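Colleague: Got a structure for you, written out below as structure tokens; questions coming shortly.
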Amino acid sequence: MNEDIFSIERFIAGDAEGFEILVRKYQNRTLNIVYSLIGQDRENEDIVQEVFLKVYHSLGSFRQNCQFSTWLYRITVNTTYDFLRKRKNLVNDEIAIEKSISSNDGPVEVLVKKEKKTMLEKALANIPLEYRTALVLKDIEGFDYKQIAEILCCRIGTVASKISRARQFLRGELLRLEEYLK
Amino acid sequence: MKECERVKKLLSRYLDEEITGIDAAFVKQHLDICNICNKEYLEFLKVKQLMLKKERKSLPEDYLISLLKEKITSRQYAEENISWLTGLSNLSRRLIPIPIAAIVLSVVFLIVVSGQKITAYSLDEHILSGSQTTTGMALGVILGTQN
């Protein structure tokens, strides 16, 4: 955390290297949050760029009443939500799953689709976004409930409830997909 | 059954080690004796383990920085252009009323002056006559067209 503050102070003092250190340190975690929230998308990198541009322009006014990472991930989640809201031609993930499974696939393709990684992505895409976000921050990024509550600006109890609901959804989705592929 | 409902509420927190003490002990004890809740716990655990194995993406170290530099430079350039254009527009907005006001005043002045009768008699005669001094007369005196 102190390293982050030091980098921020360097940037505010006019040293661009301070910002570059922060980008190098957090770019992959930011990318993975975006990727986990919206799935594989050619615009993943654009969203990450947008996140860091926002950081660049508002780093000077960053108030150190929370960790830099918490602030960054809050921007990441909000920017991803904005992207999803703006995307007009959003393909309904559920329809996409049905289409991909019900087409005339041979046994090899079905086996490929049984791959857990793909199944998990599809199942994740079907969880309501607010539950998915909490689960991604917990299970993929490894934050504790307190940190997630700070990122999502809600109470710890709400985080617990969202994660629990997400797991119930995910378990149901995985069972459904497994049944479908049998 | 009430115990099961309480455990279901705490199960996710228990899995994430977000509860301790009495609550954690209660869940642990219940899972040992309740097959239904234990099954749910194991399924939650499976989901969590699956999430942990999720593929992670990474970017080449300086790839994003070079993209950001390009964007920051182009945005700054665009902002400079916008501010230059905005300044010019503000200046023109401020300057435009000046010639308009000058034209309006000139027209008004010409109308007033042309409406007044200018007679060619001396200023002394005018003062002696006790008549009112018109703008035309005053201007004539100033410009020297009248004596």
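If you read the sequences in order, they're chains P and Y.
Take the first sequence: its position 113, counted from the start at 1, is 113 in this note's numbering, and no numbers get skipped.
Take the second sequence: its position 87, counted from the start at 1, is 1087 in this note's numbering, and no numbers get skipped.
Even for Gly, the Cβ is constructed at its ideal location relative to N, Cα and C.
Model, not experiment: these values are computed from the prediction.
1. Can you pull the chain Y residues whose beta carbon is under 7 Å from the beta carbon of I140(P), in chain order?
2. Would you call the stretch 162-173 of chain P in contact with the stretch 1066-1085 of chain Y, where contact means no fewer than 3 C-beta pairs closer than 8 Å?
3. Between which two residues does the alpha helix (DSSP H) harbouring E1055(Y) extend?
4. Cα separation between D1124(Y) and I1142(Y)?
5. Given that a residue counts as buried once 16 or more other Cβ atoms are within 10 Å of its Cβ, and exposed if not, what is I21(P)?
6. Indicate the three-state DSSP secondary structure (helix, strand or coil) for E94(P) in the structure shown.
7. Could you give the C-beta distance for K36(P) and L124(P), rounded to a whole number, given that I count them as a contact under 8 Å?
8. Using a Cβ cut-off of 8 Å (strictly closer), state whether E1080(Y) contacts chain P.
9. Run through chain Y and tell me which residues come within less than 7 Å of A149(P), C-beta to C-beta.
10. Among T80(P), Y73(P), T79(P) and Y56(P), which has the Cα closest to the Cα of I1072(Y)?
11. Below 8 Å between beta carbons is the criterion; list the residues of the stretch 33-44 of chain P that meet it against any residue of chain Y, in chain order.
12. Just to make sure I have the definition right: I need the residues of chain P whose C-beta is within less than 8 Å of the C-beta of I1065(Y). Which are they?
13. Could you give the residue range of the alpha helix (DSSP H) that holds S61(P)?
14. Counting only Cβ pairs nearer than 8 Å, list the residues of chain Y close to A13(P).
15. With 8 Å as the threshold, decide whether the Cβ of Q49(P) is near any Cβ in chain Y.
16. Does F52(P) get closer than 8 Å to chain Y when you measure Cβ to Cβ?
17. Give me the chain Y residues within the contact set of A160(P), using Cβ-Cβ distance strictly less than 8 Å, ordered along the chain.
18. So, using beta-carbon positions, are D1023(Y) and L1042(Y) closer together than 8 Å?
19. Could you tell me whether the stretch 1017-1037 of chain Y touches the stretch 14-34 of chain P, where touching means 3 or more Cβ pairs closer than 8 Å?
20. Could you give the DSSP three-state label for A40(P): helix, strand or coil?
21. Along chain P, in chain order, which residues have C-beta atoms closer than 7 Å to that of Q1048(Y)?
22. If we call anything under 8 Å between Cβ atoms a contact, is I5(P) one with G60(P)?
23. Considering just the uninterrupted stretch of the alpha helix (DSSP H) at G1021(Y), what are its terminal residues?
24. Identify, in the order they occur along the chain, each residue of the same chain with its Cβ nearer than 8 Å to the Cβ of T30(P), setting aside the five sequence neighbours on each side.
Modeller: According to the structure shown:
1. Ordered by position in chain Y, the residues that pass the 7 Å Cβ test against I140(P) are M1051 and K1054.
2. no
3. First-last for E1055(Y): undefined, no H or E at that position.
4. 15 Å
5. Under this definition I21(P) is a buried residue.
6. Because E94(P) sits at a pLDDT of 43, beneath the cut-off of 50, its placement in the model cannot be relied upon, and the point is left open.
7. Per the sequence shown, residue 36(P) should be read as Ser rather than Lys. Their Cβ separation, rounded to whole angstroms, is 7 Å, which keeps S36(P) and L124(P) in contact under 8 Å.
8. no
9. Per Cβ cutoff of 7 Å: no residues; A149(P) is ~11 Å from chain Y at best.
10. Y56(P)
11. Y35, S36 and N44
12. E20, V23 and R24
13. Where S61(P) is concerned, there is no enclosing alpha helix (DSSP H), given that its DSSP letter is neither H nor E.
14. Within 8 Å Cβ-Cβ: nothing; A13(P) doesn't reach chain Y, min ~17 Å.
15. Chain Y contact via Cβ: present.
16. Yes, contact with chain Y.
17. S1012, R1013 and E1018
18. no
19. By the C-beta criterion, the stretch 1017-1037 of chain Y is judged not to be in contact with the stretch 14-34 of chain P, since fewer than 3 inter-stretch pairs fall below 8 Å.
20. Checking the displayed sequence, the identity of residue 40(P) turns out to be Gln instead of Ala. Q40(P): coil per DSSP, three-state reduction.
21. Here residue 1048(Y) turns out to be Lys, not Gln, going by the sequence shown. Near K1048(Y) (Cβ distances below 7 Å), the residues of chain P are D139.
22. In this structure, I5(P) keeps its C-beta atom at 8 Å or more from the C-beta atom of G60(P).
23. G1021 to I1033
24. V48, V51, F52, L72, Y73 and T76
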